[in-house]
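**Q** Got a structure here, written out as structure tokens. Questions coming.
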Amino acid sequence: MVFAQLCAAMAVLIVGSVALDSIKTQTEEHPDLLGGSASYAAVSASFFQPVDLVGIVGSDFPEHHLDLFRERQIDLTGLQIVEGKTFRWAGEYEADMNKRRTLHTELNVFESFSPKLPPAYRSASVILLGNIGPELQNHVLDQSERPEFVVADTMDLWITIAQPELIKLLGRIDLLVLNDSEARQLTEEENLIKAAKKILDLGPKYVAIKKGEHGCLLLSRTEFFSCGAYPLEVVKDPTGAGDAFAGGFTGYLASLNRSRFGFTDLKRAVVHGTILASFCVESFSLYRLTKLTKGELQDRYDRFRDMSHYDEESRAEFRI
Ligand code: AMP
1 MVFAQLCAAM
11 AVLIVGSVAL
21 DSIKTQTEEH
31 PDLLGGSASY
41 AAVSASFFQP
51 VDLVGIVGSD
61 FPEHHLDLFR
71 ERQIDLTGLQ
81 IVEGKTFRWA
91 GEYEADMNKR
101 RTLHTELNVF
111 ESFSPKLPPA
121 YRSASVILLG
131 NIGPELQNHV
141 LDQSERPEFV
151 VADTMDLWIT
161 IAQPELIKLL
171 GRIDLLVLND
181 SEARQLTEEE
191 NLIKAAKKIL
201 DLGPKYVAIK
211 KGEHGCLLLS
221 RTEFFSCGAY
231 PLEVVKDPTG
241 AGDAFAGGFT
251 GYLASLNRSR
261 FGFTDLKRAV
271 VHGTILASFC
281 VESFSLYRLT
291 KLTKGELQDR
301 YDRFRDMSHY
311 DEESRAEFRI
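So, in structure tokens, the structure goes:
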């Protein structure tokens with residue numbers, strides 16, 4: 001299969017945070033990087049489909065970041081630019097890059113954010129509700145007209161402080177994407193398969209549970225797919241990997257230009273998301289994603305396919 005091509009079609013709607021991040025790893029430290037769930041997701045999705053972005057930034061947000069979005073066919077009509085400071089987040093990674101702690105979060109203009117869909121965005125058929133408060137995610141759905149497929153991301157913070165709103169959201173979406181620790185936190189269930197089933201009982205038709213460098217599980221009530229992560233020797237900064245995954249996943253689905261998606265489509269979307277996430281972590285911020293070519297994407301997709309199929313020739317029986 002050929003890696004999905006960008007084609008002129010209805011844009012995918014992406015809502016989330018647009019941020020200035022300060023990131024510390026064991027070897028490097030960088031302040032004021034372009035970040036935010038919507039930034040990573042929108043740039044990743046833009047490899048497959050035009051994107052309509054909904055978010056908010058302050059008057060301090062650098063113009064060259066806006067240019068970067070525009071160059072990637074990301075429509076900014078829904079990005080509110082208001083007087084004040086942009087949302088800021090700082091995080092620090094341990095030597096084990098699966099472990100990070102938030103150093104601080106400054107809401108700034110996000111404090112008064114109410115996402116407003118421009119009229120042209122309301123008929124979007126595929127929507128990604130990136131990681132923001134679930135009441136804001138619900139508010140976006142209130143304004144949209146019968147989307148075909150809604151993906152939502154969340155995080156530990158919302159499971160702790162906004163669980164009723166999150167539960168309400170789960171009844172309105174098609175797929176929830178979250179990481180393993182969040183799935184355990186939300187369901188109070190250690191086993192991830194049991195946790196996934198409990199999440200499906202709350203409403204969504206599908207759940208994708210990310211396991212960092214160990215890949216991702218995709219489940220419906222009757223189907224299961226396990227996808228490894230692309231093996232990398234050097235991970236510079238894992239920030240945004242989850243958002244790049246969600247953006248690649250959703251952008252790929254939207255590019256199919258269909259009103260219904262089967263489990264095979266979703267499996268392919270998981271693989272496309274996995275490839276985008278693997279590029280994301282190779283640099284800080286969006287540096288690698290914004291330099292990425294379609295040739296590099298196709299090449300990694302082909303390698304990943306080869307390394308995931310251990311026996312192309314035969315459907316040999318288990319030898320006992
Ligand atoms: P990820 O590594 O996929 O979990 O995403 C990291 C991104 O999430 C960073 O670029 C942050 O700016 C953004 N982020 C962190 N905390 C929040 C929050 N409370 N709400 C929205 N976005 C956030």
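Quick note on numbering: my numbering labels position 166 of the sequence shown as 166, and the sequence is numbered without any gaps. Virtual Cβ for every residue (Gly too), placed ideally from N, Cα, C. Treat the numbers as computed from the prediction; the structure is a model and nothing was measured.
1. Residue range of the beta strand (DSSP E) that Lys210 falls in?
2. With DSSP collapsed to three states, give me the class of Arg305.
3. Per DSSP, His30 forms a beta bridge with which residues?
4. Please determine if the stretch 238-249 and the stretch 278-292 are in contact, where contact requires at least 3 C-beta pairs separated by less than 8 Å.
5. Would you say the beta carbon of Asn131 comes nearer than 7 Å to a heavy atom of the ligand AMP?
6. Which of the three DSSP states is assigned to Val15 in this structure?
7. So Leu13 and Ile127 are in contact, right, with Cβ under 8 Å, and what is the actual spacing, rounded?
8. Measure from the alpha carbon of Ala120 to the alpha carbon of each residue in Phe110, Glu145, Asn131, Val109, then state which is nearest.
9. Taking only runs that begin and end inside the stretch 143-223, name each unbroken beta strand (DSSP E) of 3 or more residues, in chain order.
10. Does DSSP put Gly35 in a helix, in a strand, or in coil?
11. Can you tell me where the beta strand (DSSP E) holding Ile320 begins and where it ends?
12. Does DSSP classify Asp60 as helix, strand or coil?
13. Taking 7 Å as the cut-off, is the C-beta of Thr239 nearer than that to any heavy atom in the ligand AMP?
14. With a threshold of 7 Å (Cβ to nearest heavy atom), would Asp243 be considered close to the ligand AMP?
15. Alpha carbon to alpha carbon, how far is Tyr230 from Ala277? Give it in angstroms, no decimals.
16. Alpha carbon to alpha carbon, how far is Ile23 from Ala95?
17. Work out the CA separation of Gln137 and Thr250 for me, nearest whole Å.
**A** According to the structure data:
1. For the purposes of this step, residue 210 is identified with residue 210 of the sequence shown, where counting begins at 1. Element bounds for Lys210: 206-210.
2. Your numbering for residue 305 matches position 305 in the sequence shown. Three-state result, Arg305: helix.
3. Here residue 30 refers to the residue found at position 30 when the sequence shown is read from its first residue. Its beta-bridge partners are Ile23.
4. As far as the Cβ criterion goes, the stretch 238-249 touches the stretch 278-292, which means the pair count is three or higher.
5. Counting from 1 along the sequence shown, the entry for residue 131 is found at position 131. The nearest non-hydrogen atom of the ligand AMP is less than 7 Å from the C-beta of Asn131.
6. By 1-based counting over the sequence shown, the position of residue 15 is 15. DSSP places Val15 within a strand segment (E or B) once states are collapsed to three.
7. Here residue 13 refers to the residue found at position 13 of the sequence shown. Here residue 127 refers to the residue found at position 127 of the sequence shown. Right, their Cβ atoms sit about 5 Å apart.
8. Translated into positions along the sequence shown, residue 120 becomes position 120. It is Glu145.
9. Within the stretch 143-223, the complete beta strand (DSSP E) runs of at least 3 residues fall at 149-153, 175-179, 206-210, 216-219.
10. As a working mapping, residue 35 is identified with position 35 in the sequence shown. Here Gly35 sits in strand by DSSP.
11. As a position in the sequence shown, residue 320 is number 320, starting the count at 1. Where Ile320 is concerned, there is no enclosing beta strand (DSSP E), given that its DSSP letter is neither H nor E.
12. Locating residue 60 in the sequence shown gives position 60, counting from the first residue. Coil at Asp60, not helix or strand.
13. As a first step, residue 239 is located in the sequence shown; it is residue number 239 there, counting from the start. Result yes, Cβ under 7 Å from the ligand AMP.
14. Within the sequence shown, numbered from 1, the residue matching residue 243 stands at position 243. Yes, the Cβ of Asp243 comes within 7 Å of a heavy atom of the ligand AMP.
15. Residue mapping note: residue 277 aligns to position 277 of the sequence shown, counting from 1. Residue mapping note: residue 230 aligns to position 230 of the sequence shown, counting from 1. A direct Cα-to-Cα measurement between Ala277 and Tyr230 gives close to 9 Å.
16. The residue given as residue 23 occupies position 23 in the sequence shown. The residue given as residue 95 occupies position 95 in the sequence shown. Ile23 and Ala95: Cα-Cα distance of roughly 14 Å.
17. Here residue 250 is taken as the residue at index 250 of the sequence shown, counted from 1. Here residue 137 is taken as the residue at index 137 of the sequence shown, counted from 1. Put simply, the backbone Cα of Thr250 is about 16 Å away from that of Gln137.
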